Amino acid sequence: MEHPEEASRLRGILSSIRDKFSQRSYLHSDIDALLVEGYREVKANRAPSVHDVAVAAATDPGYPPVTVFYIPDPMQARRAISAFIDAVFRVKKLVGAGNKIFVVMDEAQEFIPDRMRSDDHTLQSNIAVETLLRQGRKYGVGGLIATQRLAHLNTNALQQLHSYFVSTLPRTYDRNVVSDAFSISRSVIDKTTELDVGEWIFVSYKATKLKNVPVEIKAENNERYVAEFVREHLGERQGTV
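Quick note on the working numbering: the sequence shown kicks off at 785 and runs consecutively.
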């Protein structure tokens, strides 16, 4: 805006409106995003926003099967995941089933830490991810979180998961978190210190029909499969891979 005084006044009005709503409400998150990001000129050839991607992914039958968000800045990543999940749930509740969506979140400690604050957007991302894990199955939306840093994660979110893959856990504190959150015996969790590369402890009543009974599995080298796929499908057109 060209007039700082008017801009400041408008921000004050928006802040007072935002604060009247629960932090879990869509309106609160929308106004908060507006206050953080500010106004930007919208051009006809602009790149799609997170909201645009979420709506298209949920409703367009021809939408690409995979969309990757690469956002190095943690705060911007939290805003993006909150906006994406909020938009998906709005669309699902308004128009019905639509496309099934599976949200994969790497570095989960950035999105669901146990210490939450509004100023760094950890509160908003926690609320969004918890909503996804708790209510997603009703709307055809699934979620997967991955992390190598279990310490100080939001255990309320962890307890919404139905299946767990546990790899090497050298730290005692991490093993305690997994044992408590997933109701797995410490004697079983302690065995993770002996796991080799590609070996996992898998716990899932949904998949195995065995309640709190871990299954040891070994995953193949997925990089080899990717290399073979690229070589088979792209090698002839683009030369040797």
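All residues carry an ideal CB built from backbone N, CA and C; glycine is no exception. The structure displayed is predicted, hence computed values, not measured ones.
Quick one: what does DSSP say residue 900 is sitting in, helix, strand or coil?
Residue 900 falls in the coil class under three-state DSSP.
C-alpha gap between residue 907 and residue 895, whole angstroms
Distance between the alpha carbons of residue 907 and residue 895: 9 Å.
Please name the residue, chosen from 873, 973, 865, 844, that lies closest to residue 997 on a Cα-to-Cα basis.
Of the listed residues, the one whose Cα sits closest to residue 997 is 973.
Which one of 860, 898, 953, 890 has the shortest CA to CA distance from residue 910?
Relative to residue 910, the option among 860, 898, 953, 890 whose CA is nearest is 898.
Whether residue 966 touches residue 942 by CB criterion (9 Å)
Yes, Cβ-Cβ distance for residue 966 and residue 942 is below 9 Å.
Under DSSP, the alpha helix (DSSP H) around residue 839 begins and ends at which residues?
Taken as a continuous stretch (DSSP letters only), the alpha helix (DSSP H) holding residue 839 covers 834 to 843.
With DSSP as the reference, identify every bridge partner of residue 1002, one or two as the case may be.
Residue pairing by DSSP places residue 1002 opposite 983 in a beta bridge.
Using the three-state DSSP reduction, which class does residue 850 fall into: helix, strand or coil?
Residue state, collapsed to three classes: coil.
Given residue 842, which residues of its chain have a CB within under 7 Å of its CB, disregarding the five upstream and five downstream residues?
For residue 842, same chain residues with a beta-carbon under 7 Å away, outside a window of 5 residues either side, are 872, 875, 876, 882, 883, 885 in chain order.
Which term fits residue 878, buried or exposed, when burial requires 16 or more other beta carbons within 10 angstroms of its beta carbon?
Taking all protein chains in view, the Cβ of residue 878 is surrounded by fewer than 16 other Cβ atoms within 10 Å, so the residue is classified as exposed.
Are the CB atoms of residue 855 and residue 916 nearer to each other than 9 Å?
No; because the gap between Cβ atoms is not below 9 Å, this pair is not in contact.
Among 880, 1000, 851, 803, which one has its Cα closest to the Cα of residue 922?
Comparing Cα-Cα distances from residue 922 to each of 880, 1000, 851, 803, the minimum goes to 880.
Could you check where the beta strand (DSSP E) with residue 923 kicks off and where it finishes?
Element bounds for residue 923: n/a, residue is neither H nor E.
Between the C-alpha atoms of residue 801 and residue 981, what's the straight-line distance to the nearest angstrom?
Each residue's Cα considered, the two are about 52 Å apart.
Taking 9 Å as the cut-off, decide whether the C-beta atoms of residue 903 and residue 862 are in contact.
No, Cβ-Cβ distance for residue 903 and residue 862 is not below 9 Å.
Would DSSP call residue 873 helix, strand or coil?
Collapsing the DSSP output to three states places residue 873 in a helix.
Pull up the distance between the alpha-carbon of residue 1008 and that of residue 1001, whole angstroms please.
When the Cα atoms are used, residue 1008 and residue 1001 turn out to be separated by approximately 18 Å.
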